[in-house]
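Inspection log for the structure reproduced underneath, given as structure tokens.
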Amino acid sequence: MNQQTTSMSPENASGRLLNFHIFRYDPQQKGDKPRTEVYQLRETPGMTIFIALNQIRQQQDPSLQFDFVCRAGICGSCAMVINGLPTLACRTLTSKFKQGDITLMPLPGFELIGDLSVDTGKFMRELAERLKLWLHPHHHEIDVHSIEAPMAPEQAAALYELERCVECGVCVSACATKQMRETFVGAVGMMKIARFELDSRDGRTAEDFYHVIGNQDGVFGCMTLLGCQDNCPKDLPHMQQIAYLRRKMAATIL
Amino acid sequence: MTARTLIPRIFSYQLTGHPWSARADKLQSATGLMLASFLVFHLHFESSILLGKEVFFHLVQILEGGLFTDDGRGVSAFTQIFSVFMLLIVVLHAAMALRRFPSQLGQWRALRGHLVCVKHKDTQAWFWQLATGFILFFLVPAHLFTMILHPEIGPNLSAARVVQDNFWLLYALLLPAVVIHGLIGLYRVAVKWGLVSNRSVLRKVIKLLIIYLILLGCASLLAYVVIGLDLPSQVSPYISKI
């Protein structure tokens, strides 16, 4: 790794010095206390927070914990709070921060694994089980001889738009409602419900969905703070979908 | 944080929809919309004092039902009935909006922590709505009870209320609180039910309206103070010159 550092082109070597203020705490380690540690790193062209974190871990502190898989905004693993904005580390360029000071915090509202690593998987699984986020077909008997009903291309496209969620957990962390009320389903749950509500293959009616999200923990608990809409790294239409569900759910009850 | 959500719950009332959840949300938005719309009209009506005593006097006569009386004079009992009606709407709105208040200390801590950690304008706007909403619990009933018990409105009588009865203090506190709360509320209702898709434009409009209404309210309050300071200690109702 040292070789790489020394083989940088002259313009890279003159890159500005970045200060990373990183939250450090390992719950597994007895006696460990939450603290902020500062790491200095020279900026290179096109550097993302994800690249910077890997460099810090390789060159300065191998104990630093953070998650990543795809480094391309597809897996949703590297979500964290970067200078007050929850977002994906791999899609955030360091050049965005003119001051050169970058504060990294783990996503709030999730179980902390250590440092910047949180357990979003456990949360997402529990949510899926609770809201039954899978396709409930019209007929339960499977007949392999019957021809599958066709889906209009427009509907398929609309479904695909909502399917783009990568379960990064940013909408959960950006939502003050969710932070105050842990049983609130959050935008990710609502987005998935909206997706199945739209799906013509799903047999559930509006009343069925009302049983799941027609309460204070569901769509009527949402206070429209729109942290989900403004921070979603995949730019999913949360505001529009939650408003749609709210109107739909409100219309089922007089 | 997630300990409670991890406990498997086969059946829990929290997990099933309740008809009142939808009704409460609809009622909160509907009463809020009514109150905010009324506020905009109210502030303009009372600011007609800026156009002179005569204009204000005649507007009051019309609004107090002067069109339906023989002598064209308003009936102050109408103000009383309307104030009672508004109080009921406020009570209903407050009861529905109470669902939104953080009720436990832990929730306040979570909200504070969130506001410090995540920088988000709409969440900060909601916090201001929450704070002003709490203030309005105490200021709006004071204003409405005054109008129920002493419904006399007129250029001289209203000015006397502001200066001689020291109601300027109530109005000076009420004005910014109610304008901020109501206008942010209008914005929220619009985006909440999907009535508006262009948020940035709406946000600018709401910001301008907040500034405009506060300035308008301040100017009219000042006008009442100026009129009130000129009044004798025994105030007599304004007599129209037309």
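First to last, the sequence lines map onto chains G and H. Per my numbering, the very first residue in the first sequence carries number -3; after that it's consecutive. Per my numbering, the very first residue in the second sequence carries number 38; after that it's consecutive. Yeah, the Cβ is synthetic: ideal placement off N, Cα and C, and Gly gets one too. Keep in mind it's a predicted model, so treat the numbers as computed, not measured.
Taking buried to mean at least 16 other C-beta atoms within 10 Å of its own C-beta, is W145(H) buried or exposed?
Burial call: exposed.
Please name the residue, chosen from I78(G), L127(G) and H134(G), that lies closest to V153(H) on a Cα-to-Cα basis.
Answer by Cα proximity: I78(G).
Between the stretch 168 to 186 of chain G and the stretch 218 to 225 of chain G, do three or more beta carbon pairs fall short of 8 Å?
Touching, per the Cβ criterion.
Which residues in the same chain as F204(H) place their Cβ atom closer than 6 Å to its Cβ, once the five residues preceding and following it in sequence are excluded?
Taken in chain order, the residues that qualify are R198.
From S10(G) to T90(G), what distance separates their C-alpha atoms?
Each residue's Cα considered, the two are about 15 Å apart.
For H218(H) versus G254(H), is the C-beta spacing smaller than 8 Å?
No.
Between which two residues does the beta strand (DSSP E) harbouring S113(G) extend?
Element bounds for S113(G): S113 to D115.
Does the beta-carbon distance from L37(G) to F19(G) come in below 8 Å?
Not in contact: L37(G) and F19(G) (Cβ atoms no closer than 8 Å).
Go to R236(H), then tell me how far its beta strand (DSSP E) extends in each direction, as first and last residue.
Not the beta strand (DSSP E): R236(H) falls in the alpha helix (DSSP H), residues R236 to D267.
Between which two residues does the alpha helix (DSSP H) carrying G170(H) extend?
K158 to L186 is the span of the alpha helix (DSSP H), which, as asked, contains G170(H).
For chain G, check one thing: does any of its Cβ atoms lie closer than 8 Å to the Cβ of W165(H)?
Output row for W165(H): interface = no.
If we count the other Cβ atoms within 10 Å of its Cβ and call it buried at 16 or more, is L87(H) buried or exposed?
It counts as exposed.
For the candidate residues I70(G), D63(G) and K128(G), whose alpha-carbon lies nearest to that of M101(G)?
Nearest option by C-alpha distance: D63(G).
State the Cα-Cα distance for the pair L232(G) and M120(G), rounded to the nearest angstrom.
So the two alpha carbons sit approximately 17 Å from each other.
Chain G partners of L148(H), CB-CB under 8 Å?
Under the 8 Å cutoff, chain G gives A172, Q175 and M176.
Alpha carbon to alpha carbon, how far is D111(G) from Q0(G)? Give it in angstroms, no decimals.
Residue confidence is low: Q0(G) scores 43 on pLDDT, short of 50, so the model does not pin down where it sits. Its coordinate-derived value is still stated next. Each residue's Cα considered, the two are about 26 Å apart.
So is G231(H) in contact with chain G if we call contact Cβ pairs under 8 Å?
Taking Cβ atoms only, chain G reaches closer than 8 Å to G231(H), which makes this a yes.
Could you tell me how far apart the beta carbons of A85(G) and L49(G) are, in whole angstroms, since I believe they sit closer than 8 Å?
The pair is a contact, with the Cβ atoms about 6 Å apart (cut-off 8 Å).
Where does the unbroken alpha helix (DSSP H) through H151(H) begin, and where does it stop?
It spans L142 to C154 - the alpha helix (DSSP H) in which H151(H) sits, taken as one unbroken run.
Quick check: S140(H) and F216(G), are their CB atoms within less than 8 Å of each other?
No, these two residues do not count as a Cβ contact at 8 Å.
How long is the line joining the alpha carbons of M245(G) and M235(G), rounded to whole angstroms?
Going from the Cα of M245(G) to the Cα of M235(G) covers about 15 Å.
To which residues of the same chain is C218(G) closer than 7 Å at the C-beta, ignoring the five residues directly before and after it?
Answer for C218(G): T173 and I238, listed in chain order.
By a C-beta neighbour count over all protein chains shown, 10 Å radius and 16 as the cutoff for buried, is L72(H) buried or exposed?
Counting Cβ neighbours within 10 Å, L72(H) comes out buried, since at least 16 surround it.
Taking I109(G) as the reference, which of L60(G), A68(G) and E178(G) has the closest Cα?
Considering only alpha carbons, the answer is L60(G).
Using DSSP's beta-bridge definition, name the partner residues of V34(G).
In DSSP, V34(G) forms a bridge with H17(G).
Whole-angstrom Cβ separation of G185(G) and L103(G), contact assumed at under 8 Å?
Wrong, their Cβ atoms sit about 16 Å apart, outside the cutoff.
Give the list of continuous beta strand (DSSP E) stretches no shorter than 3 residues that lie fully inside the stretch 40 to 78 of chain G.
Listed in chain order, the complete beta strand (DSSP E) runs (minimum 3 residues) inside the stretch 40 to 78 of chain G are 75 to 78.
Whole angstroms is fine: what's the gap from I44(H)'s alpha carbon to I172(H)'s?
The predicted position of I44(H) is uncertain, since its pLDDT is 39 and thus under 50; no value can be drawn from it.
Residues in the stretch 86 to 120 of chain G with C-beta within 8 Å of chain H's C-beta atoms, listed in sequence order?
Here the close residues are M101, P104, G105, F106, E107, K118 and F119.
Which first and last residues belong to the beta strand (DSSP E) in which L223(H) is found?
Not the beta strand (DSSP E): L223(H) falls in the alpha helix (DSSP H), residues W205 to K229.
In the DSSP assignment, the beta strand (DSSP E) including T83(G) goes from what residue to what residue?
L81 to L84 is the extent of the beta strand (DSSP E) around T83(G).
For the beta strand (DSSP E) containing E107(G), name the first residue and the last one.
Counting along the chain, the beta strand (DSSP E) containing E107(G) begins and ends at E107 to G110.
State the Cα-Cα distance for the pair E193(G) and A247(G), rounded to the nearest angstrom.
E193(G) and A247(G): Cα-Cα distance of roughly 14 Å.
Are the C-beta atoms of Q36(G) and some chain H residue less than 8 Å apart?
Chain H contact via Cβ: absent.
Please tell me whether K278(H) has its Cβ less than 8 Å away from any Cβ of chain G.
No, because no Cβ of chain G sits closer than 8 Å to the Cβ of K278(H).
Considering Cα atoms alone, identify which of H187(H), L220(H), A168(H) and R236(H) is closest to F78(H).
For F78(H), the nearest C-alpha among the options comes from L220(H).
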